[in-house]
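Below you'll find the structure, written out as structure tokens, and then a few comments.
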Amino acid sequence: MIDLLPSEEQQQIIDSVAGFLEAQLPVTRLRPGPDGARPADAGLTDALWHHIASLGWFGLGVSEAQGGAGYPIVVEMLVARELGRHAVSPSVTATMAAAHLAARGGETSLASLIGGERRVAVANRVSAGGDEYHLIDGRGADCFLILEETETRLYHASAFGRTRPVMSLDDAVTLDRADLPASAQPLLRDATGDIAHRVSLLNSAQLLGVAEAALRLAVDYAGAREQFGQAIGSFQAIKHSCADMAVRAEAAYAQTFFAGLSQGSRRPDAAYQIAAAKVVSADAALANARACIQIHGGIGFTAECDAHVFLKRAHLLGQLGGERRWLRSTLLGSGV
373 MIDLLPSEEQ
383 QQIIDSVAGF
393 LEAQLPVTRL
403 RPGPDGARPA
413 DAGLTDALWH
423 HIASLGWFGL
433 GVSEAQGGAG
443 YPIVVEMLVA
453 RELGRHAVSP
463 SVTATMAAAH
473 LAARGGETSL
483 ASLIGGERRV
493 AVANRVSAGG
503 DEYHLIDGRG
513 ADCFLILEET
523 ETRLYHASAF
533 GRTRPVMSLD
543 DAVTLDRADL
553 PASAQPLLRD
563 ATGDIAHRVS
573 LLNSAQLLGV
583 AEAALRLAVD
593 YAGAREQFGQ
603 AIGSFQAIKH
613 SCADMAVRAE
623 AAYAQTFFAG
633 LSQGSRRPDA
643 AYQIAAAKVV
653 SADAALANAR
663 ACIQIHGGIG
673 FTAECDAHVF
683 LKRAHLLGQL
693 GGERRWLRST
703 LLGSGV
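Numbering (this note's numbering), first residue to last: 373 to 708.
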């Protein structure tokens with residue numbers, strides 16, 4: 373039997389991370405102000421970035437001999453799950469993954485990544501075969517992490533050509549488009565699939581967090597909002613919708629953390645489980661975010677309600693950590 377529940381120590385880590393994020397980066401920070409604009413400090417400021425580094429998040433999975441904490445991948449995933457619940461920039465998990473890439477390559481920049489002196493953001497190819505990339509929340513980033521199938525590469529920001537700002541569906545993060553010349557050389561590269569699997573797992577854990585946060589928001593509203601003299605959560609349509617959300621979140625939790633344990637124990641079917649985790653968690657996040665908006669009714673479509681934050685973040689994260697079409701073909705061709 374495999375125990376998917378966190379240990380006492382892991383629960384303490386969860387509580388610590390959740391407490392910090394609730395105090396410093398609550399989802400309510402993304403609500404527009406009286407002028408309709410989002411506060412300028414709603415994202416990860418330099419001060420918050422260095423504070424996160426001081427808590428040791430960027431080196432959680434790096435060995436103690438290399439300056440990290442030496443925790444297994446599932447602990448990093450527990451942190452990523454909380455990041456997803458609070459709609460924190462994917463740059464945090466990108467830097468966590470880049471630290472592993474640097475540790476594996478013996479890169480001298482490892483200490484600066486763990487210490488927060490260097491910031492890593494995600495670059496995602498715009499279209500298959502093209503040389504244009506979307507730089508996600510990358511303004512001020514020192515490096516960019518690219519994941520394509522089983523290969524992970526880290527480029528210095530200067531490797532990219534002229535950047536052009538573009539409109540982002542998820543307006544909680546910045547989005548730019550830039551060319552990456554074919555002649556550009558990565559600082560670090562891993563083609564074994566190990567780092568790619570780690571990136572995908574962290575992404576799946578964030579999506580799980582989105583699914584769970586949408587569930588919690590919907591259930592809280594269904595219990596507080598009254599119609600015809602009773603909470604709307606007592607109505608069968610709302611009750612069943614919330615139950616479906618809970619089932620999706622639980623399935624995503626089980627698959628995601630089983631995949632993490634599979635990677636940690638080097639199970640032969642780890643690649644299959646990791647691909648399945650991304651598909652299941654992405655589907656759960658998107659479906660739960662949609663249901664959350666529906667349960668909120670008319671207010672669910674407004675910027676003052678937090679429900680839209682999770683729908684936008686589900687769409688964004690669904691594009692990262694492994695292209696869905698490739699993941700599904702991996703599942704179909706795995707032979708498991």
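Quick reminder that beta carbons are idealized off the backbone N, C-alpha and C, glycines included.
Model, not experiment: these values are computed from the prediction.
Sheet register partners of P537 (DSSP bridge)
D548
Do you know offhand how far V562's Cα is from A596's?
Before going further, note that residue 562 is Asp rather than Val in the sequence given. If I take the Cα positions, the gap works out to 50 Å.
Return the CA-CA distance between A585 and F682, expressed in angstroms with no decimal places.
8 Å
Between A469 and the rest of its own chain, which residues show a CB-CB distance below 7 Å, the 5 nearest in sequence each way excluded?
L517, I567, R570, V571, L574
Just the C-alpha distance for T546 and G510, rounded to the nearest angstrom, thanks.
7 Å
Considering only their Cβ atoms, is the gap separating L450 from I374 smaller than 9 Å?
no
According to the Cβ coordinates, are A577 and G632 closer than 9 Å?
yes
Would you mind stating whether R476 and S484 have Cβ atoms separated by less than 9 Å?
no
Are the region 659-673 and the region 640-648 touching, with three or more C-beta to C-beta distances below 8 Å?
no
Suppose the cutoff is 6 Å on Cβ atoms and the five residues either side in sequence are ignored; what does the same chain contact list for V460 look like?
L397
Could you check the C-alpha separation between G690 and L579 for me, to the nearest Å?
8 Å
What's the call for S653, buried or exposed, on a 16-neighbour Cβ count within 10 Å?
buried
Whose C-beta lies closer than 7 Å to the C-beta of Y625 among residues of the same chain, with five residues either side of it excluded?
L580
Take K650 and list the residues in its own chain whose beta-carbon comes closer than 7 Å to its own, dropping the five residues that flank it on each side.
S572, N575, S576, G693, G694, L699
Spatial neighbours of F532 within its chain, please: CB distance less than 6 Å, with the 5 preceding and 5 following residues excluded, ordered by chain position.
A550, L552
Distance between H612 and L589 (C-alpha atoms, nearest Å)
15 Å
Taking the runs of the alpha helix (DSSP H) that are 4 residues or longer, which of them lie wholly in the region 610-687?
642-668
Proximity of S555 and L688 at Cβ, strictly below 9 Å
no
Selection from V492, T535, L507, Q382 that minimises the alpha carbon distance to L448
As written in the sequence, residue 448 is Glu, which differs from the Leu given in the question. When each option's Cα is compared against that of E448, the closest is Q382.
Could one say the Cβ of F600 lies closer than 9 Å to chain C's Cβ atoms, at least one of them?
The structure shown contains no chain C, having only a single protein chain.
Who are the Cβ neighbours of L519 in its own chain at under 6 Å, not counting the five residues just before and after it?
A568, V571
What is the C-beta distance between C614 and G605, in whole angstroms, given that I count them as a contact (C-beta under 8 Å)?
7 Å
In chain order, what residues of the same chain lie with their CB nearer than 6 Å to the CB of G488, ignoring the 5 residues before and after it?
W421, H422, A425
Suppose contacts are defined by Cβ-Cβ distances below 9 Å. Is T524 in contact with L482 by that definition?
no
For S379, count the other beta carbons within 10 Å of its own beta carbon; 16 or more makes it buried, fewer makes it exposed. Which is it?
exposed
So, for T702: in the same chain, excluding its five sequence neighbours on each side, which residues have a beta-carbon less than 6 Å away from its beta-carbon?
A647
Starting from A603, follow its DSSP beta bridges and name the residues at the other end.
E598
F673 burial status per 10 Å Cβ neighbour count (16 or more: buried):
exposed
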